[in-house]
Structures are given as C-alpha cells and as structure tokens.
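Trainee: Dumping the structure here so I can ask a few things about it.
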Amino acid sequence: MASDTGPSSPDDSFSSPIGNTLSSPDNATARAGGRRRRQPGGSSTPSSFAATPPAHRSRFAASSETTPTPSRTQRRTSGGANGRPFVASTPSSTDDGPPSSECGDGYETAEQMYVWGTNISVQDVNAAIVRFLRNFMEGPLQADSIEEGKYMRELDRVFEIEREWIDIDAQDIYNYDQDLYSKMVRYPLEVLAIFEIVLMDMASTRNPLFEKHIQARIFNLRTSTCMRNLNPSDIEKMVSLKGMIIRCSSVIPEIREAVFRCLICGYYSDPVRVERGRISEPKRCMKEECATKNSMTLVHNRCSFADKQIVRLQETPDEIPEGGTPHTVSLLMHDKLVDAGKPGDRVEVTGIYRAMSVRVAPTQRTVKSLFKTYIDCLHIKKTNKSRMQADDPMEVDNGSNRSEDITFDEQMVEKLKDLSKKPDIYDRLTRSLAPNIWELEDVKKGLLCQLFGGNALKLASGATFRGDMNILLVGDPGTSKSQLLQYIHKLSPRGIYTSGRGSSAVGLTAYVTKDPETGETVLESGALVLSDKGICCIDEFDKMSDSARSMLHEVMEQQTVSIAKAGIIASLNARTSVLACANPSGSRYNPRLSVIDNIHLPPTLLSRFDLIYLILDKPDEQMDRRLAKHIVALHFEDTESVQQDVLDLPTLTAYVSYARKHIHPQLSDEAAEELTRGYVEMRRRGNFPGSSKKVITATPRQIESLIRLSEALARIRFSEWVEKQDVMEAFRLLEVAMQQSATDHSTGTIDMDLITTGVSASERMRRDNLAAATHNVIMEKMQLGGPSMRLIELLEELNKQSSLGEVHLSDLRNAVATLTTEGFVAVHGDTVKRV
Numbered sequence: 001m002a003s004d005t006g007p008s009s010p011d012d013s014f015s016s017p018i019g020n021t022l023s024s025p026d027n028a029t030a031r032a033g034g035r036r037r038r039q040p041g042g043s044s045t046p047s048s049f050a051a052t053p054p055a056h057r058s059r060f061a062a063s064s065e066t067t068p069t070p071s072r073t074q075r076r077t078s079g080g081a082n083g084r085p086f087v088a089s090t091p092s093s094t095d096d097g098p099p100s101s102e103c104g105d106g107y108e109t110a111e112q113m114y115v116w117g118t119n120i121s122v123q124d125v126n127a128a129i130v131r132f133l134r135n136f137m138e139g140p141l142q143a144d145s146i147e148e149g150k151y152m153r154e155l156d157r158v159f160e161i162e163r164e165w166i167d168i169d170a171q172d173i174y175n176y177d178q179d180l181y182s183k184m185v186r187y188p189l190e191v192l193a194i195f196e197i198v199l200m201d202m203a204s205t206r207n208p209l210f211e212k213h214i215q216a217r218i219f220n221l222r223t224s225t226c227m228r229n230l231n232p233s234d235i236e237k238m239v240s241l242k243g244m245i246i247r248c249s250s251v252i253p254e255i256r257e258a259v260f261r262c263l264i265c266g267y268y269s270d271p272v273r274v275e276r277g278r279i280s281e282p283k284r285c286m287k288e289e290c291a292t293k294n295s296m297t298l299v300h301n302r303c304s305f306a307d308k309q310i311v312r313l314q315e316t317p318d319e320i321p322e323g324g325t326p327h328t329v330s331l332l333m334h335d336k337l338v339d340a341g342k343p344g345d346r347v348e349v350t351g352i353y354r355a356m357s358v359r360v361a362p363t364q365r366t367v368k369s370l371f372k373t374y375i376d377c378l379h380i381k382k383t384n385k386s387r388m389q390a391d392d393p394m395e396v397d398n399g400s401n402r403s404e405d406i407t408f409d410e411q412m413v414e415k416l417k418d419l420s421k422k423p424d425i426y427d428r429l430t431r432s433l434a435p436n437i438w439e440l441e442d443v444k445k446g447l448l449c450q451l452f453g454g455n456a457l458k459l460a461s462g463a464t465f466r467g468d469m470n471i472l473l474v475g476d477p478g479t480s481k482s483q484l485l486q487y488i489h490k491l492s493p494r495g496i497y498t499s500g501r502g503s504s505a506v507g508l509t510a511y512v513t514k515d516p517e518t519g520e521t522v523l524e525s526g527a528l529v530l531s532d533k534g535i536c537c538i539d540e541f542d543k544m545s546d547s548a549r550s551m552l553h554e555v556m557e558q559q560t561v562s563i564a565k566a567g568i569i570a571s572l573n574a575r576t577s578v579l580a581c582a583n584p585s586g587s588r589y590n591p592r593l594s595v596i597d598n599i600h601l602p603p604t605l606l607s608r609f610d611l612i613y614l615i616l617d618k619p620d621e622q623m624d625r626r627l628a629k630h631i632v633a634l635h636f637e638d639t640e641s642v643q644q645d646v647l648d649l650p651t652l653t654a655y656v657s658y659a660r661k662h663i664h665p666q667l668s669d670e671a672a673e674e675l676t677r678g679y680v681e682m683r684r685r686g687n688f689p690g691s692s693k694k695v696i697t698a699t700p701r702q703i704e705s706l707i708r709l710s711e712a713l714a715r716i717r718f719s720e721w722v723e724k725q726d727v728m729e730a731f732r733l734l735e736v737a738m739q740q741s742a743t744d745h746s747t748g749t750i751d752m753d754l755i756t757t758g759v760s761a762s763e764r765m766r767r768d769n770l771a772a773a774t775h776n777v778i779m780e781k782m783q784l785g786g787p788s789m790r791l792i793e794l795l796e797e798l799n800k801q802s803s804l805g806e807v808h809l810s811d812l813r814n815a816v817a818t819l820t821t822e823g824f825v826a827v828h829g830d831t832v833k834r835v
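What the sequence shown shows, in the UniProt record's numbering, is residues 1 to 835, in sequence order.
In structure tokens, the structure reads:
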C-alpha cells in the first residue's frame, strides 16, 4: 500500500529539493559516515554520488519509476564481461583550474562521476567549491594574505551559535568562479548537494564535535526574473524573484521518515524514507520469526516530520506592464524558512523553479498533461532598502539568534547619533521630507511625526492605547496632496497605496476565498491588514463608498479588524497609521462651510484623525512667483535654487528606522505638567466671560494626540525623555491644524464641535434661537388669525426681527422641522398647523 503525502500529486509535490534529497537533517549522520570514499587515485569522491539514495528524481533522471535517480549523475563507463565498469577518461569540464590540494590529488586517474546527461564532472565541481569556500576574500584578492577566507569565518560563526545553515552570496561565487556560478544556476539540485557535502566535510575537520547538518543558502543572484517571464525552460533552474507576500498558509507537517509496526508480533521496522512523496509500506513483517504478510501499519508518533508552508507571492507594481494585472506564484518554505515572511512583506526570494503533476481525481493515479509550477525556496530576504524598517523587522538571515542591532553597524549608528545632536535636526529632517514639494512646512512636520510615531501603551488591565497617528489632508486640486502620499508610501516599512474609488469594504479589511491549492476556506488580507506596522495611504478619501468608510472606525481606534464570515470568526491586527487625502465636493474648498460639509465625511470618522490639514490654493503674486521658480529649478536641475542642506533618502530612512526601533521616550514630570496645563487652557478658551455660551475647544482624543506628537518629537532628537519643548511644539502643530479645520468662521474661534458633530456651537445656538423665535411667532399669529399659516408669511415675520438677522427659507424649514419633532406643529406642504 502506498499513501501520498503531497498535496495534489503522486510525485513529490511541494517537496524541498534540498531538504528531501541530499540535504535532509536526518540524513546527515549517514552521509557523514560515508563522507569520504577514497578512489584509486587517492581522490575524495562524495559518497552521495557513488551510491543512489532514495530521493526526488530530477528531470534528467531515468524514466523507470522503480529506480529513481536523485541526482543527474552517472559514471561514464562501459561494462566488461565481468560487469565491472571501466574507468572513464578525463572529463572535458569547463573548470580549468587545477584541483586544490585540500581535495586530494590525482583526479586525472580517479574514477570520474558526472552530472546526469552532461559532461560536468562532480569531482571538478567539488574542487571548485572547496577552493571558493577556502580562498574567497572580500575586496581585492591578496595572494599572500594570511587571513582566512570570508566563508571560513562564517563557518566558524556557525559553530559558535550552532546554526544549521550558511548564507552564500551568489555574487561572490560569480566574482570568484563564473563557471561554478553558471553550473549552480543551471543544475542547482546537484551543485547544492555537493555544496553541503563539502560543508559537512569542512565542519568535521574544523570542529569534530559539531554534529548538525549545514545547509547552503544561496542568495543575491546576478539577475532577478520577473514572474511573468518564467518559462518551461527555467524549470529545475535557480531563479530569483521579487514581490510582495499576500498569503501564508498554516504550518503543514510533512513526513520524512516513516516507522511501521506489525499488528501480529508488535515488531517496529527501521525508518523508511519517503520517495517522491510516496511512503512504501513493507509487504510483510520484517521479523524473520513472524514474516506475516500485510500486517504492517504506520505509527505516526514514531515518524519524523518537517515543517512546510505554502506562501503566495505577488509581483510588485513596478514590474506590471501597461494594462496588465499582477501575477502570482506559489512558494514552498521548509524548516527554518517557515514563517520567515508575513503578508505585506516585500521580499526577494531565491529558489528552484519546479513543476508538479496534477491528478485527474484524488483517488486516481492518472495525471493531467498540464503541470503546476512553484518555487522551492532556498532563501528569503526583505527588499527595498529605501523603506524604513518596522518596529519588529524580519531578520535577513531568517530566524538567526543575532540581535536586532546587527541591522546598523557601529559607523552608521555613530553617524545617526551625531546627526541627532545637531540643533537644527528637526528642521533639516523636515526639509529632507519630499524636498521637491515647496513650502507646506507644518504639513511636512506633521507627516514627519507620523513616520516616527509614538509609543503603543498596554496597561495591566488590558487596555491599549495606540501609538500610530492618523492624518487627513484636505484641499484644492493641484496642491501636492497625492505626491506627499506617494513619498510617505515609499518610506513606510509596510503599507499599501490605494484609492478610495477603487476600494471596497472587504478589499480594505479582509475577505473570504477558497485556497486554490487545498480548497479550504481562507481569509485573504486586505489593504489595512497588509499595512500592519506600517502606513496605509488612501487617496481620494472623499470618493470612498459608505460601506468601505464604515470599516475604518474600528481600525483607526482599536487597530483591529473583526471578521465573522463563512464560519470564520477572527480578529486581525491592523496596527497601521492611516494617511488619507480628500478633495472638496465642489472641487474647490468653500471657506464658508465646515470640513464636514466640504468633503461629506461622517463626524465620527473625522474625529479619529489626529491632524487635519487644509491645503488651499490662494492667489498671491509673490507666493506664486516663488513657487514657479521652484518648479522650474526642479526641471532644469538648477542646483543653486534647489536646497542642498537635505539628507539623502538612505540616511533619512536609516534615521527613522533606528529611532522607531531603539528610542522609546517616556514623559518627564515637567512634560506631563505642561500637557495637563495646556489641555486645561485649551478647554478654558471655550468659556466666554459674561456669557453662558460654552464652546468645546478640545476633547480627550486631543490630549492623546498631543502625547503621541510629543513622543514622536522626542524620537526625532533621539531623546529618552519627552521634554517641555516637545510638548509645546506638539501644541503648536495641533493648533495649526485645528485653526485650519476646526475654526468657526462666524466667531473666529476653534470649535471641536465642527469635527465631532459637523455643527459649530455658534451655529447650533443660532438654530436654537431661530426655533424659539419661530415658536413665539406661531403662537402669536395662530391665536389671532386661526390654526394655520403659510411658510412665506412666517418667514416675513421672522425677518422683521432684527435680532435674528437675515433668515433664509432653508433655515426656517430646519427650525420648523425641529418644532415638528417636538410635537408642537405639523407641516402640510407650505402650510404650518399647530397640533
């Protein structure tokens, strides 16, 4: 009986070429025992190519299913009468270098082995790998240098931290031996197996007590292939892809060695290795005294398993051609690579392009003529160095025990600390943020604070306070709002740039779909979930549908997305900052209307933004002239006109990344006292002396925003404490934004009711006075003239009262509607009747 462990194929579907053939950790001991077999000429030949272990069969292997060939190797011999092979002649290999003394001498007289179907000598590849590992040095090669090579030092580090892999830069291989590089890319299965055999040989020589199996992880190929350019000719070759992870499956246990037990006598068999995804069950009991047929059963708790994960990678927007849609490819992660990437990560993947057959039906062994392709992953690393790193960046070496400080070398840290000590660092960072956009200094300072962020606080009671800030940009067309969004999107560690018109509710949060590989119902992450620990940029925020906009309420305050669909009940993390921009409903901002009336956003959503900036296009000859000169200087590269005192993009991203990762400022006593005093002062501004009129100029959400702004300003200075000057600047930034977006134009004062309710306190008071006057007029006229009166007559009477000013018909209708809800009058057409 045979049982399949692959997901959909009788072949070794989704099985690792390295983990399942010649680099399995559980096979290290057996290989170590026969690692060096002396050949007649004294050469050292890898035993894995002398004998044929059961493993995956390559595309050049023999066609018989009963004798799989794991590696494309053969002995170029002809059989004699006694069946003994003759020694092959010297191979015509492209490796012209003489074999090194470390590998032994006499390859010319040794029995040669070749990669199956080629003239590539295994011994020559072995010698080339040994020379590369021993002799390669960074920088200019020095023949008389006594220092050990780069990878010898890396091997010693593997011994120190007891790691199971070593990262090998493919560029180093190319610079040292181009022929070895081409062989590795064309025949990765065999060359990587030789790599690991050589590494185990060196490990046993340099550290005999080290027993772990060392895997070679190749990365940084010379060329990165676009997903849509992968062809059948690339199958079984090493490729490099760049993209964004959009989905990760759960960890799948994959059986590597099976143990069987006899149901009659209880005898346990020796471990049976998995061959091409198939477990061969013994036909009879292996114990001679029993030998019962068909009595063996699989014992799961004695089998050995390996972790496996299927990841979906989508190509990045810059690789999509005009009018095209993004392509996706499946990645297969094994062992330490499992959970190395999260949905939303932009990564570069190095692996082997593989194809697997698909069965016609799960119960049949007949397969279709169409094959599925996937990438067997060897190495994964984050890409796009221009982006700043999140608070918990994925390690480049995928799970090593290195500390996070390894990202920044000492020289870079000293440079960043020297920058932070400069008194003008705040203004210099502001100038460095989108330097091609002229002016908008306060807007840039607010965006800079959003990049640095505050501290997320979690109390012992379980209550949490977000440290991410949300900013809304509202203004006239052509005021650089979208350019600011694009610049922040390029800087943010993780994040999605989307447009309100093309975003749905499920596209922003999460949606339920069927996994094409397993057929299970899974959750696909939306833009906000993919932007976890980053910034989600939403353009055309005013054109978003109401259903999509309603999903933002939970995300912007609780920073979670709750899903209850198709039997899946989950709460997903969306710890993201929201940066949105919106245009006024009439294409031009009307200063006589509130922000709510201009962009038609619900007040409950608008109140969740920490800062709301109005960017208006006001005609001014002097300002227009300076703006025109700035734009012309950008096009003609006039270096004298363009500011030079700005940080380059890598330095800016490194500065922000270091601050977010290592600087966690706390409130000092002086800063806490200033926050309390300033908040009380803001509230006091709404109390007009000698009047009962009270205006809400600040809410508790404003003091939380002030704390986040103060912490971000302290991070800019690399300070561990929030000082009084940070709090004062935070108040200034908040007041600048509120004076633009929350100012009541009838009184000239800040009124938070404009943000929280959409109606200012003065407007609400005017409406109440109009309703009271309407009530009095109706009472007087109806007592004298009858039970009803027309709206026009009522309007004329109200306009005669000088205290109300000019009353419009729309205002009167609102006042009558208020009286109707109170049950005082009823409206029939244009006639008002008293109830």
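For each residue, glycine too, the CB sits at the ideal point set by N, CA and C.
Tell me whether Q801 is buried or exposed, calling it buried when 16 or more other Cβ atoms sit within 10 Å of its Cβ.
Mentor: Answer is exposed; the Cβ neighbour count stays below 16.
Trainee: Counting only beta-carbon separations shorter than 8 Å, does L614 have a partner in chain D?
Mentor: Here chain D cannot be found, since the structure has a single protein chain.
Trainee: Whose C-alpha, out of N207, Q725, V185, is nearest the C-alpha of I352?
Mentor: The shortest Cα separation from I352 among N207, Q725, V185 belongs to V185.
Trainee: What are the partner residues of K381, as DSSP defines its beta bridges?
Mentor: Answer is E348.
Trainee: Grab me the residues of P472's own chain with a C-beta within less than 6 Å of its C-beta, minus the 5 sequence neighbours each way, in chain order.
Mentor: With the sequence shown as reference, residue 472 is identified as Leu, and Pro is not the correct amino acid for it. Same-chain partners within the cutoff: A580, F609, I612.
Trainee: With a CB to CB cut of under 7 Å and the five nearest residues on each side skipped, what residues in its chain are close to S717?
Mentor: The amino acid at residue 717 is misidentified as Ser; the sequence shows Arg. Answer for R717: S420, I425, listed in chain order.
Trainee: Would R256 be called buried (16 or more neighbouring beta carbons within 10 Å of its own) or exposed?
Mentor: With 16 or more Cβ atoms within 10 Å of its Cβ, R256 is classed as buried.
Trainee: Check each candidate in D468, A570, V338 and name the one with the smallest Cα separation from D532.
Mentor: Nearest option by C-alpha distance: D468.
Trainee: Is the beta carbon of C449 sitting closer than 8 Å to the one on H489?
Mentor: No, Cβ-Cβ distance for C449 and H489 is not below 8 Å.
Trainee: Return the chain-ordered list of same chain residues with a C-beta closer than 7 Å to the C-beta of N814, the five sequence neighbours on each side being excluded.
Mentor: Once the five neighbours on either side are set aside, the close Cβ partners of N814 are R767.
Trainee: Specify the secondary structure class of M286 as computed by DSSP and reduced to three states.
Mentor: Looking at M286 - three-state DSSP - the assignment turns out to be coil, as it is neither helix nor strand.
Trainee: Is the distance from the Cβ of E524 to the Cβ of R247 below 8 Å?
Mentor: It is a contact, given that the beta carbons lie within the stated cut-off.
Trainee: Under three-state DSSP, which class holds Y589?
Mentor: Coil.
Trainee: Assign N598 to one of three DSSP states: helix, strand, or coil.
Mentor: In this structure, N598 counts as helix in the three-state DSSP scheme.
Trainee: For F305, which residues of its own chain have a beta-carbon under 7 Å away from its beta-carbon, when the five flanking residues on both sides are left out?
Mentor: Closer than 7 Å at Cβ, skipping near neighbours: P253, E254, I255, R256.
Trainee: My output table needs one value for G519: the three-state DSSP class, helix, strand or coil.
Mentor: Looking at G519 - three-state DSSP - the assignment turns out to be coil, as it is neither helix nor strand.
Trainee: Would DSSP call P40 helix, strand or coil?
Mentor: Residue confidence for P40 is low, a pLDDT of 38 falling below 50, so the modelled location carries little weight; the figure read from the coordinates is stated next. Reduced to three states, the DSSP call for P40 is coil.
Trainee: DSSP three-state call for P603: helix, strand or coil?
Mentor: Here P603 sits in helix by DSSP.
Trainee: When we look at the beta-carbon of F465 and count the other beta-carbons within 10 Å, is it buried (16 or more) or exposed?
Mentor: Classification of F465: exposed, given that the 10 Å Cβ count is below 16.
Trainee: Taking 8 Å as the cut-off, decide whether the C-beta atoms of G243 and V158 are in contact.
Mentor: No; because the gap between Cβ atoms is not below 8 Å, this pair is not in contact.
Trainee: Reducing DSSP to helix, strand and coil, say where Q309 ends up.
Mentor: Three-state DSSP puts Q309 in a strand.
Trainee: Go ahead and pull the three-state DSSP assignment for C226.
Mentor: Reduced to three states, the DSSP call for C226 is coil.
Trainee: Is it the case that the region 492-505 contacts the region 541-549, given that we only count it when at least three CB pairs across the two stretches are under 8 Å?
Mentor: As far as the Cβ criterion goes, the region 541-549 touches the region 492-505, which means the pair count is three or higher.
Trainee: Where do the N-terminal and C-terminal ends of the beta strand (DSSP E) with D409 fall, by residue?
Mentor: First-last for D409: undefined, no H or E at that position.
Trainee: Note down the Cα distance separating M202 from A127, rounded to an integer number of angstroms.
Mentor: The alpha-carbon atoms of M202 and A127 are separated by roughly 13 Å.
Trainee: Using only CA atoms, which one of P208, L552, A355, G534 lies nearest to D510?
Mentor: It is worth fixing the name first, because residue 510 is Ala in this sequence and not Asp. Measuring from the Cα of A510, the nearest candidate turns out to be L552.
Trainee: Tell me, which residues are paired with N573 by DSSP?
Mentor: DSSP lists T560 as partners of N573.
Trainee: DSSP three-state call for H300: helix, strand or coil?
Mentor: Correct three-state label for H300: helix.
Trainee: Please report the distance separating the alpha-carbon of P477 from that of I168.
Mentor: One C-alpha to the other measures close to 51 Å.
Trainee: From the DSSP output, in three-state form, read off H489 for me.
Mentor: Note: H489 maps to helix in three-state DSSP.
Trainee: Which residues does DSSP list as the beta-bridge partners of R157?
Mentor: Answer by DSSP bridge pairing: none, since R157 is not bridged.
Trainee: Below 7 Å CB to CB, which residues in the same chain sit around H600 once its five sequence neighbours on both sides are set aside?
Mentor: Closer than 7 Å at Cβ, skipping near neighbours: D542, S585.
Trainee: Does C265 come out as helix, strand or coil in the three-state DSSP assignment?
Mentor: Reduced to three states, the DSSP call for C265 is coil.
Trainee: Quick check on P188: buried or exposed, where buried means 16 or more other Cβ atoms within 10 Å of its Cβ?
Mentor: It is buried - the Cβ of P188 has at least 16 other Cβ atoms within 10 Å.
Trainee: Please report how far the alpha carbon of L263 lies from the alpha carbon of K283, in whole angstroms.
Mentor: Looking at the two C-alpha atoms, the distance is approximately 13 Å.
Trainee: Have a look at T820, I166, V736 and flag the residue whose alpha-carbon is nearest the alpha-carbon of A772.
Mentor: Measuring from the Cα of A772, the nearest candidate turns out to be T820.
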